[in-house]
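Asker: Numbering (the working numbering), first residue to last: 22 to 158. A virtual CB, placed ideally from N, CA and C, is assigned to each residue, including glycine. Predicted model only: the values in this text are computed from it and were never measured.
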């Protein structure tokens, strides 16, 4: 397994840990997780369905476990990343399809979710690449 692959796996593990911490902060602090919340953020958070935080937890948890699986050279990395991507799509798909967040925050509100989808897609590609090369089994 090449050094660059290990570096990416460690960076993705740190990314996953940051996601888990962000989920924990949102679960613990609610709308104030990212700093003082305005009235819109409070109303949006209050309107989230019960399952939303669970889907968020699945997204970040499986992303973290997928990165851990990459480091452990486990074939489970790719399926974990696929589950993470599905959860991310459900999470942000619901957010953008059923709320008026874009009207309140503008198109820029989609920026970070797009970055998350791209990184998760990269994780899936990297796991598949590693599996094809025989670096994980």
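Output yes or no for whether 8 Å exceeds the beta carbon distance between residue 24 and residue 65.
Answerer: no
Asker: Alpha carbon to alpha carbon, how far is residue 88 from residue 30?
Answerer: 6 Å
Asker: Between residue 98 and residue 84, how many whole angstroms is the CB-CB distance? I'm expecting something under 8 Å.
Answerer: Not confirmed; about 10 Å, so no contact.
Asker: Please work out which residues of its chain come closer than 7 Å, Cβ to Cβ, to residue 48, disregarding the five sequence neighbours upstream and downstream, and give them in chain order.
Answerer: 74
Asker: Give me the Cβ distance between residue 137 and residue 102, rounded to the nearest whole Å; I'm assuming they're in contact under 8 Å.
Answerer: 12 Å between Cβ atoms; not a contact.
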